[in-house]
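If you're matching them up, the sequences are chains A and B in order.
The working numbering applies: residue 1 is where the first sequence begins, and numbers increase by one.
The working numbering applies: residue 1001 is where the second sequence begins, and numbers increase by one.
Structure first, commentary second.
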Amino acid sequence: MELLKRYLQAVAEHLPARGRQDTLAELKANLESEIEGREEELGRNLTEAEVAAVLEAHGMPVLVASRYGSQHFLIGPSLFPVYWYTLKRSFPLVVLAYTVVQMVDIFFNSGSGAELGHRIGTAIGHFPAVALTFWGIMTLGFAVFEYGQGSFFPRMTLPKWSVRDLPPLERTEKKKHSFASGIADLIVSILMVVWLLAVPNHPYLILGPGMKVLHDTPFALTPEWHVIYWQFLGLLIAMLPLKAAMLLPSLRHARGWLQLAVKALGFLILVIMVQVRTFFVSGSSISAQNLHSLQGINNGITLGFKLALAISAVNFLWELWQEISAGQHRRAHYAAVL
Amino acid sequence: MEQRTKDEAPTNSSFDPDTPGAELFDSLRLELRRGCLVLAVLAQLHQEHYGYTLRKSLSETGLEIEESTLYPLLRRLETQGLLTSQWREEEKRNKRFYRLSAHGHRILDLLLAEWNRINDSLNKIVQKER
């Protein structure tokens, strides 16, 4: 029976301390009965190999012990969908927060272009560790909740819901709004604002090494840029809360209107640019030929903004009409359902 | 390779493991058996048994169940209040005997009624198919 003792010892190693002796005593009695039963069938004592076969058929000690454990999962099937949903929803927000914090730090603390590149590389390199830490903390939090629910925390109950509270049908021809693309859009917009805020103190952020070439040209930026800059920046900042609001599930029904509000602000930026007319002025010494070129450049830029404004106006009106008609369609559909 | 347990052992209704779909069949069969085994164990424990004799009695009725599945299952059912247990000496050895508790009786009756409903429905569906 040495094999049986060794087997029980191996099982004991993996059993929870609470109730270990009791479980082992029961297991021992059952296995001894099993061996005796086989001996009765054969009419003789079992050989060592036959005892080994009985124990091996019973299962690997670690697996046998694991079946006596009270919980075999970190996050159970009832909590797992909530865990997965939370992970999916919050991960883009982690990307957003990390990007914004890193970019603010990079843009305001980088002394040169080379340092900027180095800092961006370091920030990207650190992101996997941040993502892994986020995943670990979330998983640990849910595992603790799973373990303690019912004893340390109240058991999770799903909120009451009604099918009538679900968002209206999305028109299939309209491109579906993706949460990830919304986050990406917000990140780019924040980066744009941060970049613009950093430009006055770090002019190389406009064209990088190309800035030197601009210094050598006989043209300079018009002083009007000091006014346009703040108007432009103000409108871009005003877009941020609207873009953030578009990510909220509770404002899903108003997403179309929020999108239109963002477009309206974009439209205002073009209106400001069209009114400028003179983007570059001549430097201290300029030839007649360059002066002619300068006029051409300013006219060309103004024409470009005018065209963009016209296209943007048509696009805005078209989307406004679509949103109004979609609202009417939804109301008519809801009335029909009622 | 993972050792094949008796719970997963091929029966008359299983097919060659190399046949396409054998793995899926095994997994579905295991799922089907899981609830039935609890019902069988509860029903068999109208009469007092300890682990080994319970396994033997189930086996004699044609329901094979692996020891390492049955013994922890007994513990779990006891924790859930469906069984009561008692250590007692029999044939010069201490053994833990299980039987249905009063709560276990009530639950078993409900489960058997549910089982019969499912069985009747399935029979009707299968007969209709034929």
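Glycine included, every Cβ here is placed at the ideal spot set by N, Cα and C.
Quantities reported herein were computed from a predicted structural model and do not represent experimental measurements.
**Study point:** Reduced DSSP secondary structure (H/G/I, E/B, other) of glutamate 1023 of chain B
**Key:** If you number the second sequence from 1, residue 1023 of chain B lands on position 23. Helix, per DSSP.
- Message: Less than 8 Å between CB atoms is the rule here; does tyrosine 68 of chain A satisfy it with respect to chain B?
- Response: The residue you call residue 68 of chain A lines up with position 68 of the first sequence. By this cut-off, tyrosine 68 of chain A is an interface position.
- Query: Which residues in the same chain as aspartate 105 of chain A place their Cβ atom closer than 6 Å to its Cβ, once the five residues preceding and following it in sequence are excluded?
  - Reply: On the first sequence, residue 105 of chain A is found 105 positions in, with the first residue counted as 1. So no residue of the chain qualifies.
Fill in: chain B contact for serine 33 of chain A (CB, 8 Å cutoff)
Within the first sequence, residue 33 of chain A is the residue found at index 33, counting from 1. Taking Cβ atoms only, chain B reaches closer than 8 Å to serine 33 of chain A, which makes this a yes.
> Who are the neighbours of histidine 58 of chain A on chain B, taking C-beta pairs under 7 Å?
Replying inline: Translated into the one-based positions of the first sequence, residue 58 of chain A becomes position 58. Those within 7 Å of histidine 58 of chain A in chain B are Glu1067, Ser1068.
Cα-Cα separation between alanine 114 of chain A and tryptophan 84 of chain A, rounded to whole angstroms:
Counting from one through the first sequence, the residue named residue 114 of chain A turns up at place 114. Counting from one through the first sequence, the residue named residue 84 of chain A turns up at place 84. Looking at the two C-alpha atoms, the distance is approximately 40 Å.
Between the CA atoms of asparagine 1116 of chain B and alanine 129 of chain A - distance to the nearest angstrom: Counted from its first residue, the first sequence places residue 129 of chain A at position 129. Counted from its first residue, the second sequence places residue 1116 of chain B at position 116. Their backbone Cα atoms lie some 55 Å apart in a straight line.
Proximal residues of chain B, C-beta to C-beta of leucine 42 of chain A below 7 Å: Position 42 of the first sequence, counted from the first residue, corresponds to residue 42 of chain A. Those within 7 Å of leucine 42 of chain A in chain B number zero; the least Cβ separation is about 16 Å.
Within a Cβ cutoff of 6 Å, which residues of the same chain sit near phenylalanine 107 of chain A, ignoring the five residues on either side of it in sequence?
Numbered from 1 along the first sequence, position 107 holds the residue referred to as residue 107 of chain A. Within the same chain, phenylalanine 107 of chain A has close Cβ partners Val194, Ala198.
Cβ atoms of valine 64 of chain A and leucine 4 of chain A: under 8 Å apart, would you say? The residue labelled residue 4 of chain A in the question sits at position 4 within the first sequence. The residue labelled residue 64 of chain A in the question sits at position 64 within the first sequence. No, the pair does not count as a contact, with Cβ atoms beyond the cut-off.
Subject >> asparagine 290 of chain A, DSSP secondary structure in three states >> reply: Sequence index remark: in the first sequence, residue 290 of chain A carries index 290 (1-based). Taken through DSSP and simplified to helix, strand or coil, asparagine 290 of chain A comes out as helix.
- prompt: How do the segment 177-192 of chain A and the segment 93-101 of chain A stand: do at least 3 beta-carbon pairs fall below 8 Å, yes or no?
  reply: The way I'd put it, the segment 177-192 of chain A does touch the segment 93-101 of chain A; three or more beta-carbon pairs between them come closer than 8 Å.
request  = Give the secondary structure of glutamine 149 of chain A by DSSP, where H, G and I count as helix, E and B as strand, and everything else as coil.
outcome  = Residue 149 of chain A sits at position 149 when you count from the first residue of the first sequence. Reduced to three states, the DSSP call for glutamine 149 of chain A is strand.
Using a Cβ-Cβ distance under 8 Å, would lysine 1092 of chain B count as near chain A? Indexing the second sequence from 1 puts residue 1092 of chain B at position 92. False, the Cβ-Cβ gap to chain A never drops below 8 Å.
Which residues in chain B sit within 8 Å of leucine 27 of chain A, going by Cβ to Cβ distance? What you label residue 27 of chain A is simply residue 27 of the first sequence in a count that begins at 1. Taking the beta carbon of leucine 27 of chain A as reference, the chain B residues within 8 Å of it are Tyr1071, listed in sequence order.
Tell me, please, which residues DSSP counts as bridged to tyrosine 1050 of chain B. Residue mapping note: residue 1050 of chain B aligns to position 50 of the second sequence, counting from 1. When beta bridges are read from the DSSP output, tyrosine 1050 of chain B appears opposite B:Phe1097.
Partners in chain B for valine 193 of chain A, counting only beta-carbon separations shorter than 8 Å
To locate residue 193 of chain A, count along the first sequence from 1; it is residue 193. The premise fails here: valine 193 of chain A is roughly 54 Å from chain B at the closest Cβ pair, so nothing lies under 8 Å.
- Message: Using beta carbons (cut-off 8 Å, strictly below), is tyrosine 1098 of chain B in contact with chain A?
- Response: Sequence index remark: in the second sequence, residue 1098 of chain B carries index 98 (1-based). No, tyrosine 1098 of chain B lies away from the interface with chain A (no Cβ there is under 8 Å from its Cβ).
Sequence-distant residues of its chain with Cβ nearer than 8 Å to phenylalanine 280 of chain A (five each side left out): The residue given as residue 280 of chain A occupies position 280 in the first sequence. For phenylalanine 280 of chain A, where only same-chain residues beyond five positions count, the Cβ hits under 8 Å are Phe219, Ala220, Leu221, Thr222, Leu294, Ile297, Asn298.
**Asked** In chain A, which residues lie with their C-beta within 9 Å of the C-beta of glycine 1035 of chain B?
**Response** As a working note, residue 1035 of chain B is residue 35 in the second sequence. By Cβ distance, chain A contributes nothing, its closest Cβ being about 15 Å from glycine 1035 of chain B, past 9 Å.
Are the C-beta of glycine 1021 of chain B and some C-beta of chain A separated by less than 8 Å?
-> Translated into the one-based positions of the second sequence, residue 1021 of chain B becomes position 21. False, the Cβ-Cβ gap to chain A never drops below 8 Å.
Output needed in chain order: residues of the segment 1040-1051 of chain B with a Cβ under 8 Å from some Cβ in chain A.
Tyr1050, Gly1051
Glycine 37 of chain A at chain B interface by Cβ criterion, 8 Å: For the purposes of this step, residue 37 of chain A is identified with residue 37 of the first sequence, where counting begins at 1. Glycine 37 of chain A counts as touching chain B.
CB contact flag (leucine 46 of chain A, glutamate 40 of chain A, <8 Å): Residue 46 of chain A sits at position 46 when you count from the first residue of the first sequence. Residue 40 of chain A sits at position 40 when you count from the first residue of the first sequence. No, they are not a contact pair.
Does the segment 1089-1100 of chain B come close enough to the segment 28-35 of chain A to have 3 or more Cβ pairs within less than 8 Å? yes
Could you give the DSSP three-state label for glutamate 1089 of chain B: helix, strand or coil? The residue given as residue 1089 of chain B occupies position 89 in the second sequence. DSSP places glutamate 1089 of chain B in strand when its eight states are reduced to three.
Check this for me: beta carbons of histidine 14 of chain A and proline 61 of chain A, under 8 Å apart or not?
Position 14 of the first sequence holds residue 14 of chain A. Position 61 of the first sequence holds residue 61 of chain A. Yes. Within cutoff.
Checklist entry - Measuring CB to CB, does methionine 246 of chain A end up less than 8 Å from glycine 182 of chain A? => result What you label residue 246 of chain A is simply residue 246 of the first sequence in a count that begins at 1. What you label residue 182 of chain A is simply residue 182 of the first sequence in a count that begins at 1. In contact: methionine 246 of chain A and glycine 182 of chain A (Cβ atoms closer than 8 Å).
Discussion item. Alpha carbons only, please: which of B:His1103, B:Ile1118, B:Leu1030 is nearest the one belonging to leucine 1082 of chain B?
Written reply: Counted from its first residue, the second sequence places residue 1082 of chain B at position 82. Leucine 1082 of chain B has its Cα closest to that of B:His1103, out of B:His1103, B:Ile1118, B:Leu1030.
Residues of chain A with CB closer than 7 Å to the CB of arginine 1075 of chain B, please, in chain order. The count along the second sequence starts at 1 and reaches residue 1075 of chain B at position 75. Correct list: Tyr68.
- Message: Let me confirm a value: valine 11 of chain A is counted as buried when at least 16 other C-beta atoms fall within 10 Å, else exposed. Which label applies?
- Response: As a first step, residue 11 of chain A must be located in the first sequence, where it is residue number 11. With 16 or more Cβ atoms within 10 Å of its Cβ, valine 11 of chain A is classed as buried.
Output needed in chain order: residues of the segment 302-321 of chain A with a Cβ under 8 Å from some Cβ in chain B. none
| Should isoleucine 1065 of chain B be labelled buried (16 or more other beta-carbon atoms within 10 Å of its own) or exposed? | Residue mapping note: residue 1065 of chain B aligns to position 65 of the second sequence, counting from 1. Isoleucine 1065 of chain B should be labelled buried.
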